[in-house]
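Position 156 of the sequence shown, counting from 1, maps to 156 under the UniProt record's numbering, and the rest follow consecutively.
Structure, as structure tokens:
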Amino acid sequence: MGRYTAVHANPQGVGDARPTALQIIQDEGLEGKLVGKVIVLTGATSGIGLETARALSTTGATLFLTARDLAKASESLAGILEPGRVSLVPMDNASFSSVRAAAQQILAHSHNKINILIANAGIMGVPSLTLTEDGHESHFAVNHLSHFLLFSLLKDALLAASTPAFNSRAVIVASSAHRAGPFPADHDYSFSNTPYKHGKAYANSKLANIYMANYLDRHYGGRGLHATSVHPGAILTNITRYSDPSVIDAILKMPHLVPIFKSAEQGGATTVVAAVGKEWEGRGGKYLEDCEEAGRGEDDGNVFMLGYTTWTYDEGEEERLWKDSAHFVGVEAHV
Numbered sequence: 001m002g003r004y005t006a007v008h009a010n011p012q013g014v015g016d017a018r019p020t021a022l023q024i025i026q027d028e029g030l031e032g033k034l035v036g037k038v039i040v041l042t043g044a045t046s047g048i049g050l051e052t053a054r055a056l057s058t059t060g061a062t063l064f065l066t067a068r069d070l071a072k073a074s075e076s077l078a079g080i081l082e083p084g085r086v087s088l089v090p091m092d093n094a095s096f097s098s099v100r101a102a103a104q105q106i107l108a109h110s111h112n113k114i115n116i117l118i119a120n121a122g123i124m125g126v127p128s129l130t131l132t133e134d135g136h137e138s139h140f141a142v143n144h145l146s147h148f149l150l151f152s153l154l155k156d157a158l159l160a161a162s163t164p165a166f167n168s169r170a171v172i173v174a175s176s177a178h179r180a181g182p183f184p185a186d187h188d189y190s191f192s193n194t195p196y197k198h199g200k201a202y203a204n205s206k207l208a209n210i211y212m213a214n215y216l217d218r219h220y221g222g223r224g225l226h227a228t229s230v231h232p233g234a235i236l237t238n239i240t241r242y243s244d245p246s247v248i249d250a251i252l253k254m255p256h257l258v259p260i261f262k263s264a265e266q267g268g269a270t271t272v273v274a275a276v277g278k279e280w281e282g283r284g285g286k287y288l289e290d291c292e293e294a295g296r297g298e299d300d301g302n303v304f305m306l307g308y309t310t311w312t313y314d315e316g317e318e319e320r321l322w323k324d325s326a327h328f329v330g331v332e333a334h335v
């Protein structure tokens, strides 16, 4: 049983006893304790990304927070922005050129040493098939490929910052939506030959998040760079902006689902555990939920259930996705 197992056993809905991102920092005794460490967080403008940034800012670490809309980000993050320590970096996850520019800026200001990368930015429910400027389906590009490229560009800095006492970490925010099913047999990530379904597009991108973390930890863990993927929980944030309001309203009226919803503050907790929790020092390669490693779930295919599925861990698919992703973003696939 983990530290937070009991409070997750009988959820009572938004704002219940389940921990917040800030509570994790306090429980770990990390307030003001990570001065000199460097953390990169994508999608910090709203939702769980915003709450994750707020919590991590209390550690004293140097934060680079990426955002597509700097004006909006400056407003929402006004309470924690601090010249030279907590700063914004312009980055649009729908553009590989923007990701490359952001990485260049981060590397220059971090002196090529990064301790933690948190891939949090994402989209969900885009109603019709939309391709990015680089020609990829929007969920797959924004949620996965952009983060794959960012990691590839920051990899050497993550490896350079790792020490025996403080291994570097990558945290990839995934979702229980990956439980919808494995990749299609033809690996048609951008729905070139199959009818577009936004739910499947999102699920594919979240499965890709998990596979990226699994592969990364398997191949880089021995070099002091570990990775985990996390399901933050059921949270109604701005990520639902494309969703049909009537569907959201119907979900909120389902008695068996209402108790599992979390606030954005609670939604950032598992990410923070993975990023700075002492129990994850020097280890990774696991899918986390409710602030601990997920167990084997039931009812594969049900996205509202917890636990991993028969396809959550698949070395063959992870290897294939890594090679495909490297090809798509134009980087070398080798470790």
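Glycine residues also receive a C-beta, built at the ideal position from the N, C-alpha and C atoms.
Query: Could you work out which residue in Ser-190, Gln-105, Asn-112 and Gly-29 is closest to Leu-129 when comparing CA atoms only?; Result: Ser-190
Query: Is the beta carbon of Asn-311 sitting closer than 8 Å to the one on Thr-228?; Result: According to the sequence displayed, residue 311 carries Trp and not Asn. No, the Cβ-Cβ distance between Trp-311 and Thr-228 is not below 8 Å.
Query: For Ala-141, which of His-334, Phe-328, Glu-332 and Ala-333 has the nearest alpha-carbon?; Result: Phe-328
Query: For Ala-294, name the three-state secondary structure that DSSP assigns.; Result: coil
Query: Suppose you measure from the CA of Leu-156 to the CA of Leu-257; what does that come to, to the nearest Å?; Result: Reading off the sequence, residue 156 comes out as Asp, not Leu. The straight-line gap from Cα to Cα measures roughly 43 Å.
Query: Helix, strand or coil: which one does DSSP assign to Thr-163?; Result: strand
Query: What is the rounded straight-line gap between the Cα of Thr-240 and the Cα of Lys-113?; Result: Note that Thr-240 scores 49 on pLDDT, short of 50, meaning its location in the model is unreliable and no value can be drawn from it.
Query: Taking just the CA atoms, how far does Ala-53 sit from Leu-107?; Result: 19 Å
Query: Go ahead and label Asp-92 buried or exposed: buried means 16 or more other beta carbons lie within 10 angstroms of its beta carbon, across all protein chains shown.; Result: buried
Query: Please check the pair Glu-121 and Gly-199, which I expect to be a contact at CB under 8 Å, by giving their CB distance rounded to whole angstroms.; Result: According to the sequence as given, residue 121 is Ala; it is not Glu. 20 Å between Cβ atoms; not a contact.
Query: Find out if the Cβ-Cβ distance for the pair Phe-96, Leu-149 is shorter than 8 Å.; Result: yes
Query: According to the neighbour-count rule (16 or more other Cβ atoms, all chains shown, within 10 Å of its Cβ), is Ala-201 buried or exposed?; Result: buried
Query: Any beta carbon from chain B within less than 8 Å of Thr-228's own beta carbon?; Result: This model lacks chain B altogether; it includes just one protein chain.
Query: If we count the other Cβ atoms within 10 Å of its Cβ and call it buried at 16 or more, is Ser-192 buried or exposed?; Result: exposed
Query: I need the DSSP call for Glu-279, collapsed to helix, strand or coil.; Result: helix
Query: Select from Ala-203, Thr-62, Pro-232 and Ala-103 the residue whose C-alpha is nearest the C-alpha of Gly-32.; Result: Thr-62
Query: Which residue marks the beginning of the beta strand (DSSP E) containing Glu-289, and which one marks its end?; Result: 287-289
Query: Between which two residues does the beta strand (DSSP E) carrying Ile-172 extend?; Result: 168-173
Query: Going straight from the alpha carbon of Asn-302 to that of Leu-88, what length do you get?; Result: 37 Å
Query: If you run the structure through DSSP and keep just helix, strand and coil, what is Leu-154?; Result: helix
Query: Express the C-alpha separation of Ser-57 and Ala-165 in angstroms, rounding to a whole number.; Result: 21 Å
Query: Return the chain-ordered list of same chain residues with a C-beta closer than 8 Å to the C-beta of residue 357, the five sequence neighbours on each side being excluded.; Result: In the structure as shown, the chain begins at 1 and stops at 335. Residue 357 is therefore absent and cannot be evaluated.
Query: State the Cα-Cα distance for the pair Arg-3 and Gly-135, rounded to the nearest angstrom.; Result: 44 Å
Query: May I ask which residues mark the beginning and end of the beta strand (DSSP E) holding Phe-64?; Result: 62-67
Query: Can the beta-carbon of Ile-116 be found less than 8 Å from the beta-carbon of Thr-42?; Result: no
Query: Between the Cα of Gly-47 and those of Lys-37, Ala-67, Val-38 and Gln-104, spot the shortest distance and give me the residue it belongs to.; Result: Ala-67
Query: CA-CA distance, Thr-132 and Gln-105?; Result: 23 Å
Query: Hey, could you find the ends of the beta strand (DSSP E) Ile-106 is sitting in?; Result: Not the beta strand (DSSP E): Ile-106 falls in the alpha helix (DSSP H), residues 96-110.
Query: Give me the Cα-Cα distance between His-8 and Asp-290, rounded to the nearest whole angstrom.; Result: 7 Å
Query: List the endpoints of the continuous beta strand (DSSP E) containing Leu-88.; Result: 86-90
Query: Please identify the residue among Ala-177, His-226 and Gln-26 whose C-alpha is closest to the C-alpha of Asn-143.; Result: Ala-177
Query: Please report the distance separating the alpha-carbon of Gly-297 from that of Gly-233.; Result: 15 Å
Query: Pick out whichever of Asp-186, Gly-285 and Ile-25 has its Cα sitting closest to the Cα of His-226.; Result: Gly-285
Query: Are the Cβ atoms of Ala-170 and Leu-236 separated by less than 8 Å?; Result: no
Query: Between the alpha carbons of His-139 and Ser-98, how many angstroms are there, rounded?; Result: 17 Å
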